[in-house]
Structure formats: structure tokens, C-alpha cells
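Read through the structure below, which is laid out as C-alpha cells, and then see the notes.
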């Protein structure tokens, strides 16, 4: 290392001195490569020698080089990971790549290559950029989900979930992307009905697919959000709560002429007296079962038309209500009346049984349907006097339950909604036509994909034995070598054409069989990767349960809010399933979650079509890593968006040069006791450290940068106006600046630490201790009011007595003048900050 106070990378002297950004970056990259300062020590945590902190940021997809979004999330994440190291925790901060997926496959088709060519080339590009960016990742734990060594265990976990009944195969209408020629989970269809990957309009298709039974944990996934509400960013917890969609109500059973009874779910069983028809999802099997021959052709034509619409379209409130009569009637269990059964598009096949009781008086969609087809409307809840709408679904007393002249063993009239619900459920249970229940919006996770670049599903289909699991000893089921034109989407998986790979012997009977040709959704890979980071090179198990107990759960997780439902919900499902498999004992994967904002430009999201993209590489070349990182962290709280057009990396670079110069001005020796130094500067230094602790724990990283800037200014002022760099308080302040900056601007921090005479790395130093005596203010400002108006401000000791403060206030010339000889009738003292006089 260079000698204290000098450096071959420095130019100029005094306030004009600067350092060469490029040389400093190259120098410390070499040092970090030699030191490997961020490698986590499993033994220290397992043996209880150090308390653990597991810091995790969502791992990237390897599509091209890093962009500004990556730069922001990695900079923010690194602040907390480095802070925890300062505080003496053993920190696990791993990184890898979510390397399966459609972009690589589509690139391979365009370029007539193998997806791995695109994938692993981009990984190396991103790896180089991450190391240049100075991130404190433990690179010994690097993983790629497309490695056979990884997806072997993805397949193993699939089989384990299948053994528990949590993975199964069924035929049903599914979301279909016509461009990517693959199915999509409900969560992968955007609110406008398009594919979240390519933007194509999603349609419906009937296929036999694999599912994970996420609904098995619906109640637990819902309840667990209460404990996470304070440690996850609120909007994310609420998004999951809304997606799971817990509803309390009842199952009601209707007799249907000539068929088995049909059960529907309703959140308002008290409105059953107003049920005048039943509607069935047009694409539900039940509609096909109930329709009469006379109406079958009309149903089939209607179904063909509806299949062109997305679920989003079908549920739109402004969509005209359509349907066809199925030719059968059901019986209202409370009134005994025959009600017609219709098929419609505004009910979805995967909601409950796909059947809904039509209550036009209490549901606007039912009102519109009844109006369109001239069906009876009976209001069963009294609306407020000023209600001017059509259907009324609010609180009120029951009416027409039963209607005048209708005989019924149940009478709800006059009861409020809650009591009417309870009475209805009790009566339905008594007569055997229903029961109270809870329903969820959440549906099972459709995980099959008809594409190549994903983990093969480890199942063999045998004509004699049915579905047969591939033996664990034969895992991984490796992808066959396909490339280019062989990968073009064709509505079925490209793997089906690899006949040598498809045709195998049945593991159970030895007869001819075929492999399952679908691959798993890439969200399966990312649902458990944080477990694999614990033991990424273990070829005997998916992860070591002992290490999972020692390190888990993740203490802090940072990522985008676009994953508020998808990835986070799936990871929570996997965690609960692994707990029930006995591999872990904890329930939730991420104790704390923060979603960062986006980096935009001139008020708009960056995009190629708008031509407003910011090239990260160009920014790093122009300003250096530290200036870009500092700018991103200082710009705003982590959850807010950053408009790069308003940022000043040039200003950040000037500040960093100013901070660096402090280290060159220090002339006292390392280890010098700061006790005899400038007390005012020491107070600023110690207050900065104390505030930083609170700010960092509450993720207010931008304010920590602001406090660091203030400390730099105070230190410069002390150097220029006092004994200069010989003052031990200046050394103390400069060392604190180096440690605080190392969380945001690691290169200049290392350079400062070196110039201050310390061995690298500053990241391995201890957090500075705080002297409580220096946190006590020397004085506070006491306000003196007369008749509520401020007349004077007094600088007083923090521990001044009430009597002394009153005496000072009454003797102050400004107060004497304001009193002007009048009688002081009352004095209120709130020491040390307020004196109020009533005259």
C-alpha cells in the first residue's frame, strides 16, 4: 500500500488535489480479489460465535449487461450488507443468476444457437460489471439456475412436493400466449390481459398441465401477512392479501332437474331469497354437463366466441352481459321456486365450482344480466333512503326474505346483514343444503411450460403404469441438445421432437414409455434459490438443513414491487412446503422486505422506443463507480423513483474528491487518542455515528449520506480554522467519514483508509464507538413567550432548573421591555425549552 498521505494516483496539492478515479478502481479490484473480504463463515454462525445476518437481493436474469435499475438496487442493498459487517455480524450476501427463461430461447432461435451460448456469455458480462461496481457479494456461492447441478435439485423438490400431494396434473382451460406459444399462470397475465413477458394478448386453451397446490396453504399464506405487515413494505403485503382474496360465506346446494345437485359459493347467503337464476361459466365442464341437446349447439358457438376474450375482459364492469340458456332449471332451497340455469362469460371456470347464484338485487353484474334477459329482480336488503343506484350490496335490514305471501321456514325480515347471514347458514346446514365456509381467490400455480429452456419435469408417462416419477438416482433429467430452428414454438414443447430423449423405458415396469416434454416455469427456480445459496456446491442434497437453521430466514430482501405477487408468493409457498417436509423449521422466507423505486428519465420510464435510456456503462466511464452509487443512494428514500435527469453525478464526484482530501490532511498517527481534540468537531462526529445507526436500520440511506456530507464540511472547517490535520479529532472524523463512505462509495473509502495508515479493507473495520457524553448538547434554545408571542430566545444549559430558567427569562432585556411594567400574573416553565408569561 502507499505511504500515509501520498499516493501515486493523486495529482495536485491541498484543496486542488484530486485522485484518478480509474486507477483507484483498478487498484482496489486487485486488492479485493486477493483479500476475498466478503466470504461468509458458516462455522462462525453454526457454532454461535457470531450472530448472523442473511442479506439478499433478487438475483438478475442475464439479458445483456447491467442497467440503471440494477445499479440502484445493488447500491442500496450493499449499504445494509456492509453496515451489518461493521456491526460485527457474520453476513451472508450471495449472488447468482436466474438463467433459464424465454429471452435466451428466443435469442437462440433468432441466431441459430443454443440458449446456453447467450445465457452464459451474458452472465460473464454481468459478473465483470458487478465486480467493477464494487459490490460486497460472497462469490464463492455463485450459482446459475440453468446448471444441471442446480436444476437436479429443482426436479428433486418437484418430486418431493408431488409425494406430498402438492404437485398434480389436470386438464383445464389455461391462459395461452399465442406469441410465445406457452401457457401462463394467472399471476403472469397483466391487468390489461397481456402476457407479462412479450405483451401479446392472452387467450384461453384447454390443456393437461402440471400444477402446484398453492391453495393448500391459502389460509396460512393469508394469515402470515399480518406478522409481515410491519417489516415488509406495506403495499406489497397488501397486494398479496388482495391476490389471495379470502372471503367468508357459505356453500349453497341447489337441486338441478335431471342432474346431480350443484354447489355455489356466496359471500352473502342472506340474499338467497333474491336468487332468481343461476349462471355457469361458459367454459366450465359443468355447463357442458347440464346443457340439453336442444341448446348444445348454441352453447358451443358461444364458448368459441368467449375463448377469444381474456379473463380481464370477461370481468370488466363495463362489458355488456351475454349468455345462453342451458335448458334446465334449479330449485331455490329457501323458496322452492324453479330458477333457470344460464351459461355466461362474466363467471370464471376456476372460481369455486364455476357456478354462481344470480342475485340481481344485490350484485350489479347480476342486475345487468337480469335486465338483459328479462329475469326477475328481487331486492333483499333495504338500501338507504338516498340510494339512487340499481343493485345494492351494502349494509341494511333484510326485506322480501321471504317476500309477502311466500311460505318459508326461515324468516330474515328486519334482521341486519350479519345476523341474517348467520341465520341463513344455520338453516341451510339444518336442511342439508349448505354450510358456512371460507373461499379464496388464489388458484393453484400452473407450472408447465411448452418451451425448451427450463428444468425438464421428471415424470415418465407409461401406458401401463400412468405417471411414474424418475428415480432420484437418475436426476438430473438433462435437457437434450437442441438449438436454433429446433426450438421454434409450435404449440407443443420442442422437446417432443427429440425422440431419442423422449422415448425411454418405464422406471416401474420396464416397458416403453415417454418423458414428459414440458419444462417448469422459471419461477420454480427462483422460489427456492435462497436455500441453495446456503450450500451451492453440495452434490448430496438440495441444501444443508443445519445451515438453513443457522442462516435462515433471510433477514433483509430487496427487490422490485413488480414481484409483489409472483415471486414472493411462490417463495412463501415453497418455504411452507419445505417446512412440512421437515427440511426447515421456520415459516416465512423473508423477515424483512423492501421494494426499491425505479430509475426513470425526464419523468418517464426508460425504454428503447422512447429513446430515453441511460447507458450505465457510459455513466461509470464518465463519473466512476463511486459517484454513480453515491448519486443513486443520495437521491431519495429507497422506495421512491429516481429521475436521472435531475441527478448530478458531477456534484457527487466533487464531494468524493473533497472527502478524499481530508485523509491527506491528517498528520496525527493512527491510534492517537482523540480525547484532547476539538470538542465541537468530536460532537459532530459522534452525533453523526449515532444518527447513522438509527437511519441505517430504518433504511433511510439517503439521510446517512447527507449526514456524512455535513461531517465532511465540519472536518474541513476544523482543519482550516484550527490546528489543522494534527488535531486528533480531525483523524477521528476522517476515519468515520471513510467508514460511512465505504457503504456507498467503496473505492474512495478504501483509498482514504489506506492514506490514514490502516491496512485494508475498511469494510473489515469495526463500527466506530460513540461517547454518550458527546451526544449531550452543550446548550439548548429556550423560547420565552408573552401572551403566546415569542419575545426572546435564550441559550441555556440542558440541565437548567425551572427556577433558574424563570429568573433568566424575567431578567432578559427584550422580555423586560415587552412586559413594560405590567404585572406578571403567571409564569409557566417547561425547562429547558419554554417559558410562558401571562401579564
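Numbering (the numbering used here), first residue to last: 283 to 1121.
We treat Cβ as the ideally placed atom computed from N, Cα and C, and that holds for glycine.
Since the structure is predicted, the reported quantities are computational estimates derived from the model, not experimental observations.
Residue 629 and residue 1021 have their C-alpha atoms some 60 Å from each other. Rounded to the nearest angstrom, the gap between the Cα atoms of residue 643 and residue 482 is 38 Å. From the listed residues 867, 735, 1044 and 846, the smallest Cα separation to residue 803 is found for 735. For residue 358, the closest alpha carbon among the candidates 921, 938, 623 and 1121 is that of 921.
In terms of CA proximity to residue 917, 929 leads the group 906, 377, 882 and 929.
Apart from sequence neighbours up to five positions away, the residues of its chain that approach residue 855 with a beta-carbon distance below 8 Å are 494, 496, 499, 503, 727 and 809, ordered along the chain. Considering only 1056, 1037 and 1031, the residue with the shortest C-alpha distance to residue 1045 is 1031.
For residue 525, the closest of 356, 501 and 932 by C-alpha to C-alpha distance is 501.
Between residue 1018 and residue 1052, the CB-CB gap reaches or exceeds 8 Å.
With respect to the C-alpha of residue 428, the residue from 408, 378 and 415 having the closest C-alpha is 378.
Across the structure, residue 465 and residue 733 are spaced so that their CA atoms are roughly 10 Å apart.
Annotation for residue 541: the continuous beta strand (DSSP E) segment containing it runs 541 to 548. Residue 608 is a Cβ neighbour of residue 574, given a cutoff of 8 Å. Taking C-alpha positions only, residue 1065 is separated from residue 1099 by approximately 16 Å. Listed in chain order, the beta strand (DSSP E) elements of length 3 or more contained wholly in the segment 314 to 360 are 334 to 339. Bounds of any beta strand (DSSP E) do not take in residue 865, whose DSSP letter is neither H nor E. Less than 8 Å divides the Cβ of residue 569 from the Cβ of residue 625.
CA-CA distance, residue 996 to residue 1083, rounds to 32 Å.
Spanning the alpha carbons of residue 320 and residue 533 requires a straight line of approximately 56 Å. Nearest to residue 1029 by alpha-carbon distance, out of 1049, 909, 475 and 712, is 909. Secondary structure at residue 413: helix, using DSSP grouped into helix, strand and coil. For residue 796, the secondary structure class from DSSP, reduced to helix, strand or coil, is strand. Judged by beta-carbon spacing, residue 870 lies within the 8 Å limit of residue 506, meaning their Cβ atoms are closer than that value.
Rounded to whole angstroms, the Cβ separation of residue 432 and residue 380 is 11 Å, and the two are not in contact under 8 Å. Counting only runs that start and end inside the segment 486 to 564, the alpha helix (DSSP H) elements of at least 4 residues fall at 500 to 510 and 516 to 526. Residue 436 sits buried, since 16 or more C-beta atoms from the chains shown fall within 10 Å of its C-beta. Taken through DSSP and simplified to helix, strand or coil, residue 426 comes out as strand. One alpha carbon belongs to residue 461, the other to residue 387, and they sit about 13 Å apart. The three-state secondary structure of residue 461, taken from DSSP, is coil. In the DSSP assignment, residue 1067 falls within the beta strand (DSSP E) that extends over 1062 to 1068.
Taking all protein chains shown into account, residue 416 has 16 or more neighbouring C-beta atoms within 10 Å of its C-beta and is therefore buried. Secondary structure at residue 1082: coil, using DSSP grouped into helix, strand and coil. Of the other Cβ atoms in all chains shown, fewer than 16 fall within 10 Å of the Cβ of residue 1063; this residue is therefore exposed. Distance from the CA atom of residue 692 to the CA atom of residue 554, rounded to whole angstroms, is 11 Å.
The residue from 564, 318 and 738 with its alpha-carbon nearest to that of residue 590 is 564. In the structure shown, residue 720 adopts extended strand secondary structure according to DSSP, grouped into three states.
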